[in-house]
Every structure is written in structure tokens, then in C-alpha cells.
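Working notes for the structure below.
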Amino acid sequence: MSHLAYNYNRKKISFKSGKGSYLKSYKGEKYLDFVQGIAVNSLGHAHPKLIKAINTQSKKLWHVSNAFIIPEGELLASKLAKKTFADYVMFQNSGAEATEASIKVARRYFYSIGQPQKNRILCVRNSFHGRTLAAIYASGSKKMTEGFGPKVEGFDHFDFGDHKSLKRSITKRTAAIMVETIMGEGGIKVIPDWCLRELRKICNQKKILLILDEVQCGIGRTGDFFAFEKSKVKPDIVPIAKGIGGGFPLGAVLMNKKVASGMTQGTHGSTFGGNPLAMAVGNAVIDIISKKTFLDNVKKNSLYFHQKLNALKEMFPKTIKEIRGRGFLIGIQLYKEQSKFIEELMKNKLLTIRAAENVIRVLPPLNVKKSELDQALNIIHKVCKNFN
Numbered sequence: 296m297s298h299l300a301y302n303y304n305r306k307k308i309s310f311k312s313g314k315g316s317y318l319k320s321y322k323g324e325k326y327l328d329f330v331q332g333i334a335v336n337s338l339g340h341a342h343p344k345l346i347k348a349i350n351t352q353s354k355k356l357w358h359v360s361n362a363f364i365i366p367e368g369e370l371l372a373s374k375l376a377k378k379t380f381a382d383y384v385m386f387q388n389s390g391a392e393a394t395e396a397s398i399k400v401a402r403r404y405f406y407s408i409g410q411p412q413k414n415r416i417l418c419v420r421n422s423f424h425g426r427t428l429a430a431i432y433a434s435g436s437k438k439m440t441e442g443f444g445p446k447v448e449g450f451d452h453f454d455f456g457d458h459k460s461l462k463r464s465i466t467k468r469t470a471a472i473m474v475e476t477i478m479g480e481g482g483i484k485v486i487p488d489w490c491l492r493e494l495r496k497i498c499n500q501k502k503i504l505l506i507l508d509e510v511q512c513g514i515g516r517t518g519d520f521f522a523f524e525k526s527k528v529k530p531d532i533v534p535i536a537k538g539i540g541g542g543f544p545l546g547a548v549l550m551n552k553k554v555a556s557g558m559t560q561g562t563h564g565s566t567f568g569g570n571p572l573a574m575a576v577g578n579a580v581i582d583i584i585s586k587k588t589f590l591d592n593v594k595k596n597s598l599y600f601h602q603k604l605n606a607l608k609e610m611f612p613k614t615i616k617e618i619r620g621r622g623f624l625i626g627i628q629l630y631k632e633q634s635k636f637i638e639e640l641m642k643n644k645l646l647t648i649r650a651a652e653n654v655i656r657v658l659p660p661l662n663v664k665k666s667e668l669d670q671a672l673n674i675i676h677k678v679c680k681n682f683n
């Protein structure tokens, strides 16, 4: 009998070790892992530079309070600021904490300039911003909020792609628009670059803030450091997590100078956020991923993978409805319910995970080898061939 709570419907398998793109089960079976902790292990399992970083730091200092200066955090914040739009960074432990903190930053900014009535956040209905109380109500999902009342107020919603509804929903109380640049749990739906530019234009006109949630789609997953970079848009606030820690719990809120001005001493805090151990890993991850040669390779290999997946779609038009996503944040939308397909992939030693709209998420590590992509394509082809 397991004494773990039942909130996860876990598959009946556990893993003993991992290396690169692969996991090895306790039964000795080898699996190609294209879940990678749900886009978390950006450099795969047991990357030698991450092992070295965590081992070196673990022998020096694990944790001190944020009551003191943490040099490793100062260094990582500096790297993120130089690489991005951000002027300031607040470190958290997870994506949910980062999105919660982003909401606080937006509301606090308007409070600090004498407009406390501007405190509502406009989000896409059935998006995903985390599992905390505020985050589930920000997501606007009936399924996620069921049984967790009373409702957390302060959020309004519009349907994905409904620009008229978006504009109608902006009121004098709207503080910010918060969207995932690419919706992950919601079905790997990409907000087009022209649409991001329009969002920025609307926010400028209405004098409200733009929050782009890049918890899942950021940190090199699309081939750019951030998914929004291609649009040339500059957001005001960006929550990140997942890939920045390469598997170690780490999140952050990136802010421009304007909105950061509201976050004065005592307005936010975290016991563990920005601890030396997490910062050492984050520094190692960003040093690898931010290199142009690395990101160019992500673009090259992901383009190859998308082309081959679309070829499979043409080969099996009654099975595959659409190939979605960008870079290595990929969705395979099926006509039939995806659970059996995922099970068949797993039987053939390829691990994937579901998303909304009958989509299978395919999330290789960013440093995946072309031969491993070919192995995955062969497995998907085999399952498509036998799927009915």
C-alpha cells in the first residue's frame, strides 16, 4: 500500500537511472524519454556539467536566507538580465510560484502609482498557470477549480483567438493581460507573432501590462531563448521555471524597471527561492543553452523533426489531425482519444504525455541527437500503422 495521496494517476512503472534522452526502469528496460519531466530536463538526464555544478556547490553551501547577499543568485540574475528584456529578477522555486509572483508584481505596480483599483488580470480561458489557488482561477478552467471554492477574484477571461472578446473584456480595472506564449497543457497552441505584437499594442494603448508566461515554452525550447523573441515584442513581466533548472526546482520572475519599482522591501519573499544550490545549477544551464550554436542546433533538429512528423501526418491522415508547436514543444493532435496511443508508444519504449484537445505532447531534451529523433519517428510510425 502506498501512503502517497491519490492526486496523481501514475503509470505502473518507476525508473532507476537516466542518461541523456533515456531512462532505465527498475526492470532494466530502456525508454526514450520525450517527456523529460514535462519540459523540465532541458539538457536531458545526468548532464555532466550540471552534475559538476551541483556537486561543487553542495560541498560549499546549500542554503542561506535571503536576508544575506547570495553571490550565485546575483550572477544568475545578471546573466538573465543581459540575455533578455529584464532589468530585475525575483527567484522562486516553481512555475506556479513564478506566475503567482507575476500577478503580485502587476497589482503592486498599479498600487504603487496610486491606481489600486487596477487589479484584475485578463487571461485565456482554459489556459494553465499553475496549481495554486490564484493560478487555477487565473486559468479559468472549471475542471481545475471544481471543489476549491470560494472563487479567487480578480481574473477575467477570453477564448483563445477571440480578439473581439479580448478587447471587450478590458475594463478600467484591468491591470494586465497574462497569456502563455505557447499554451502547453491547453493543447500546444501557439500565439502567432502578429498576435503578440497586437497584444503589446493593446497594452500600450490601454496603459496596462503584458505578462507572457514562458514557464513551459521558454529557456530555449523553441530554438530561441524565449518563445516571444521572434515577434520582437518586449513584455513587462515573464514568469519562468522548468527548463532553467535543468531538473532542479527553480523558477523566477523577470521584470522591466518600471514594474519592478513597486516591489519594495517586504512586498514578496521566499525561504528557498534563490538558494546557492539552485543558483549554481541555473548558472550552468544558462551558460549552455544561451549559446547561439546550441540554439541554432535546436532550430535545425526541431525543424527536421517537424518535417518528418508532418510527413507521418500525410501518411496517416485518418490518425493524425495536426502537428502543433514550435521547436521541441510539440503536439500531435489525434482524431481518436490519445490515451491508447500514448500507451502503445510506451509499450514500444517511447515516453510521451497528454495535453488538452486530444493532443500528445512530445518534449525531447534540447540536446537530443538526430538518431534519437529517428528512433522516436520509427516508433510513432509503427504505432500509427497498427492504430485503429
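Following this note's numbering, the numbering of the sequence shown begins with 296 at its first residue and continues without gaps.
Think of the CB as a built atom: it goes at the ideal place given N, C-alpha and C, for glycine as much as any other residue.
**OP:** Please confirm if the stretch 381-394 is in contact with the stretch 598-618, defined as three or more CB-CB distances below 8 Å between the two stretches.
**Re:** Too few Cβ pairs lie closer than 8 Å, so no.
Subject >> Closest residue to Pro487 among Phe453, Glu475 and Lys644 (Cα-Cα distance) >> reply: Residue numbering aside, residue 487 sits at position 192 when the sequence shown is read from its first letter. With distances taken between Cα atoms, Pro487 lies closest to Glu475.
Subject >> Nearest-angstrom Cα separation, counted from Leu338 out to Val580 >> reply: Numbered from its first residue, the sequence shown carries residue 580 at position 285. Numbered from its first residue, the sequence shown carries residue 338 at position 43. Val580 and Leu338 have their C-alpha atoms spaced approximately 8 Å apart.
Original post:
For His452, which residues does DSSP report across the bridge?
Top reply: Here residue 452 refers to the residue found at position 157 when the sequence shown is read from its first residue. Paired residues: Cys418.
**OP:** Determine the contact status of Ile674 and Asn643, defining contact as a CB-CB distance below 7 Å.
**Re:** If you number the sequence shown from 1, residue 674 lands on position 379. If you number the sequence shown from 1, residue 643 lands on position 348. Yes, these two residues count as a Cβ contact at 7 Å.
Subject >> Extent of the continuous alpha helix (DSSP H) run through Lys501 >> reply: Working through the sequence shown from its first residue, we reach residue 501 at position 206. Counted as a single uninterrupted DSSP element, the alpha helix (DSSP H) harbouring Lys501 occupies residues Asp488 to Lys501.
Original post:
Helix, strand or coil: how does DSSP classify Ser597 here?
Top reply: To locate residue 597, count along the sequence shown from 1; it is residue 302. If DSSP states are grouped into helix, strand and coil, Ser597 belongs with the helices.
**OP:** Drop a sphere of 10 angstroms on the beta-carbon of Pro343, count the other beta-carbons inside from all chains shown, and report buried for 16 or more, exposed for fewer.
**Re:** Taking the first residue of the sequence shown as position 1, residue 343 is located at position 48. Exposed is the label assigned to Pro343, since fewer than 16 other Cβ atoms lie within 10 Å of its Cβ.
Subject >> His563 (DSSP reduced to helix, strand or coil) >> reply: Walking along the sequence shown from the start, residue 563 turns up at place 268. Per DSSP, reduced to three states, the secondary structure at His563 is coil, with no helix or strand assignment.
Original post:
Measuring CA to CA, which of Ser316, Ala334 and Ser309 is closest to Gly323?
Top reply: By 1-based counting over the sequence shown, the position of residue 323 is 28. Distances from the alpha-carbon of Gly323 to those of Ser316, Ala334 and Ser309 put Ser309 closest.
**OP:** Would you mind working out which of Ile408, Val657, Val528 and Leu428 sits nearest Ser556, comparing C-alpha positions?
**Re:** Along the sequence shown, read from residue 1 onward, the residue named residue 556 stands at position 261. It is Ile408 whose Cα lies nearest to the Cα of Ser556.
Original post:
Helix, strand or coil: which one does DSSP assign to Lys306?
Top reply: As a working note, residue 306 is residue 11 in the sequence shown. If DSSP states are grouped into helix, strand and coil, Lys306 belongs with coil.
**OP:** Taking Trp357 as the reference, give the member of Ser634, Gly568 and Lys587 with the closest Cα.
**Re:** Position 62 of the sequence shown, counted from the first residue, corresponds to residue 357. Of Ser634, Gly568 and Lys587, the residue nearest in Cα terms is Gly568.
Original post:
So Val548 packs on Pro534, CB below 8 Å; how close in whole Å?
Top reply: Numbered from 1 along the sequence shown, position 253 holds the residue referred to as residue 548. Numbered from 1 along the sequence shown, position 239 holds the residue referred to as residue 534. The beta-carbon distance between Val548 and Pro534, rounded to whole angstroms, is 5 Å. This is short enough to meet the 8 Å contact definition.
**OP:** Could you tell me the boundaries of the beta strand (DSSP E) in which Ser320 lies?
**Re:** Counted from its first residue, the sequence shown places residue 320 at position 25. First-last of the beta strand (DSSP E) with Ser320: Tyr317 to Ser320.
**OP:** Tell me whether Thr559 is buried or exposed, calling it buried when 16 or more other Cβ atoms sit within 10 Å of its Cβ.
**Re:** In the sequence shown, residue 559 corresponds to position 264, counting from 1. The residue in question, Thr559, is exposed, as its Cβ has fewer than 16 Cβ neighbours within 10 Å.
Subject >> Range covered by the alpha helix (DSSP H) that runs through Ile584 >> reply: Along the sequence shown, one-based indexing puts residue 584 at 289. For Ile584, the uninterrupted alpha helix (DSSP H) run begins and ends at Pro571 to Ile584, by DSSP.
**OP:** Confirm, please, whether the CB-CB distance from Leu370 to Asn578 is below 7 Å.
**Re:** Against the sequence shown, residue 578 aligns to sequence position 283. Against the sequence shown, residue 370 aligns to sequence position 75. Yes, the Cβ-Cβ distance between Asn578 and Leu370 is below 7 Å.
Original post:
Hey, is Lys311's beta-carbon within less than 7 Å of any beta-carbon in chain B?
Top reply: This model lacks chain B altogether, as it is built from one protein chain only.
Subject >> Cα-Cα separation, Ile637 to Asn421 >> reply: Counting from one through the sequence shown, the residue named residue 637 turns up at place 342. Counting from one through the sequence shown, the residue named residue 421 turns up at place 126. Each residue's alpha carbon lies about 23 Å from the other.
Original post:
Between the Cα of Leu417 and the Cα atoms of Ile506, Arg305, Val528 and Ile627, which residue gives the shortest distance?
Top reply: Reading the sequence shown from its first residue, position 122 is the one you call residue 417. Selected option, being the one with the closest Cα: Ile506.
**OP:** Kindly indicate which residue of Lys529, Phe523 and Ile431 has the alpha-carbon position closest to the one of Gly444.
**Re:** Sequence index remark: in the sequence shown, residue 444 carries index 149 (1-based). When Lys529, Phe523 and Ile431 are compared, the shortest CA-CA separation from Gly444 is found for Ile431.
Subject >> Own chain residues within Cβ distance below 6 Å of Leu621, not counting five before or after >> reply: Here residue 621 is taken as the residue at index 326 of the sequence shown, counted from 1. Inspection of the sequence shows that residue 621 is occupied by Arg rather than by Leu. Cβ neighbours of Arg621 within its own chain (closer than 6 Å, five residues either side excluded): Val485 and Thr517.
Original post:
Going straight from the alpha carbon of Phe455 to that of Gln412, what length do you get?
Top reply: As a position in the sequence shown, residue 455 is number 160, starting the count at 1. As a position in the sequence shown, residue 412 is number 117, starting the count at 1. Those two C-alpha atoms are separated by around 26 Å.
Original post:
Is Met385 near Ala376, with beta carbons less than 7 Å apart?
Top reply: In the sequence shown, counting from the first residue as 1, residue 385 sits at position 90. In the sequence shown, counting from the first residue as 1, residue 376 sits at position 81. No; because the gap between Cβ atoms is not below 7 Å, this pair is not in contact.
Original post:
Taking buried to mean at least 16 other C-beta atoms within 10 Å of its own C-beta, is Arg305 buried or exposed?
Top reply: Residue mapping note: residue 305 aligns to position 10 of the sequence shown, counting from 1. In summary, Arg305 is exposed, with fewer than 16 beta-carbon neighbours lying within 10 Å of its beta-carbon over all protein chains present.
Subject >> Option nearest Arg415 by Cα separation, candidates Lys437, His452 and Ala381 >> reply: Reading the sequence shown from its first residue, position 120 is the one you call residue 415. Answer by Cα proximity: His452.
Original post:
According to DSSP, is Thr469 helix, strand or coil?
Top reply: On the sequence shown, residue 469 is found 174 positions in, with the first residue counted as 1. Here DSSP, grouped into helix, strand and coil, assigns Thr469 to strand.
Subject >> Start-end ranges of the beta strand (DSSP E) lying completely within the stretch 640-678, minimum 3 residues >> reply: With a minimum length of 3 residues, the continuous beta strand (DSSP E) runs that stay inside the stretch 640-678 are 648-650 and 654-657.
**OP:** Can you grab the Cα-Cα spacing for the pair Lys608 / His676, in whole Å?
**Re:** In the sequence shown, residue 608 corresponds to position 313, counting from 1. In the sequence shown, residue 676 corresponds to position 381, counting from 1. For Lys608 and His676, the distance between alpha carbons rounds to 10 Å.
Subject >> Whole-angstrom distance between Ser526 and Phe380, CA atom to CA atom >> reply: Position 85 of the sequence shown holds residue 380. Position 231 of the sequence shown holds residue 526. Going from the Cα of Phe380 to the Cα of Ser526 covers about 13 Å.
**OP:** State the CB to CB distance for the pair Gly540 and Val510, rounded to an integer number of angstroms; the pair is presumed to be in contact (CB under 8 Å).
**Re:** The sequence position of residue 540 within the sequence shown is 245, counting from 1. The sequence position of residue 510 within the sequence shown is 215, counting from 1. Here Gly540 is actually not in contact with Val510; their C-beta atoms are around 11 Å apart, not less than 8 Å.
**OP:** Please report the residue range of the alpha helix (DSSP H) in which Arg621 lies.
**Re:** Here the question's residue 621 lines up with position 326 in the sequence shown. Segment Ile615 to Arg621 is the beta strand (DSSP E) holding Arg621; no alpha helix (DSSP H) there.
**OP:** Measure from the alpha carbon of Thr562 to the alpha carbon of each residue in Leu668, Phe405, Asn551 and Val400, then state which is nearest.
**Re:** If you number the sequence shown from 1, residue 562 lands on position 267. Of all alpha-carbon atoms in Leu668, Phe405, Asn551 and Val400, the one lying nearest the alpha-carbon of Thr562 is that of Val400.
Original post:
Does the stretch 653-664 come close enough to the stretch 312-326 that 3 or more CB-CB pairs lie under 8 Å?
Top reply: Touching, yes.
**OP:** Identify which residue in Lys635, Gly542, Lys586 and Lys616 has its Cα closest to the Cα of Ile349.
**Re:** For the purposes of this step, residue 349 is taken as residue 54 along the sequence shown, with counting starting at 1. Cα-wise, what sits closest to Ile349 is Gly542.
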